[in-house]
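My numbering numbers the first residue of the sequence shown as 250 and each following residue consecutively.
We put the beta carbon where it would ideally sit given N, CA and C, even for glycine.
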Amino acid sequence: MARSLTTNQRNALSADGVEKCELIEMMFDTPMRLCNAGRNVEWNGHTWIGDGSVLSIPPLRENLALQAHGLQVEMVGDAALVSLALNGVGKGKVLNLYVAAINLSTGAVISASLEKSLRIDTMVVVDGAES
Numbered sequence: 250m251a252r253s254l255t256t257n258q259r260n261a262l263s264a265d266g267v268e269k270c271e272l273i274e275m276m277f278d279t280p281m282r283l284c285n286a287g288r289n290v291e292w293n294g295h296t297w298i299g300d301g302s303v304l305s306i307p308p309l310r311e312n313l314a315l316q317a318h319g320l321q322v323e324m325v326g327d328a329a330l331v332s333l334a335l336n337g338v339g340k341g342k343v344l345n346l347y348v349a350a351i352n353l354s355t356g357a358v359i360s361a362s363l364e365k366s367l368r369i370d371t372m373v374v375v376d377g378a379e380s
């Protein structure tokens, strides 16, 4: 996913017990900060919730043409996210995507950097049965 891991991140990720994770910051009136680490992560003065809400983040698409590409972040539809999506609260808000190297035993962020800053266009709710 990361197109530009820093030297610190590359070095950290080569060590045992260190894993890459993505941190998602949605700048609503009350910012929502989530991660895909499988546990809460403390970084930059905030707690990034890793309760399994973030299911997947696809690779970023970029090319040389001046063209917008969508990013569809899949999340578990808890009540707060569904309400935001249905009420159009997210439209036009900023979504910051960071890539980080974290220590699995402590949850500490070793190194993190901004991967992409985007504006939310739509938030889609998909109603489906869990298998």
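Cβ pair residue i, residue j closer than 7 Å
i	j	result
ALA350	SER366	no
LEU346	GLU364	yes
THR274	VAL348	Before going on, a small fix: residue 274 reads as Glu here, not Thr. No, they are not a contact pair.
SER362	THR279	no
When the options are compared against residue i, the one with the closest alpha-carbon
i	options	result
GLU370	CYS270, VAL267, ASN257 and LYS342	Checking the sequence shown, residue 370 turns out to be Asp, not Glu. If we check each option's Cα against that of ASP370, LYS342 comes out closest.
GLY266	SER362, ASN293, ALA286 and GLY299	ALA286
ASN352	ASN257, GLU268, ARG259 and GLN258	GLU268
MET281	SER263, TRP297 and ARG259	TRP297
Cβ distance (whole Å) where residue i is taken to contact residue j below 8 Å
i	j	result
ARG288	GLY356	5 Å
GLY299	VAL290	6 Å
Counterpart residues of residue i in DSSP-defined beta bridges
i	result
THR296	GLU291
GLU268	ILE351
LEU262	DSSP, once it has assigned bridges, lists no residue as partnering LEU262.
LEU254	Paired residue(s): none; LEU254 is not in a bridge.
GLU274	ARG282 and ASN345
LYS365	LEU346
SER360	ALA350
beta-carbon residue i near the ligand NAD non-hydrogen atom, thresh 6 Å
i	result
VAL348	The model depicted lacks the ligand NAD and carries no ligand whatsoever.
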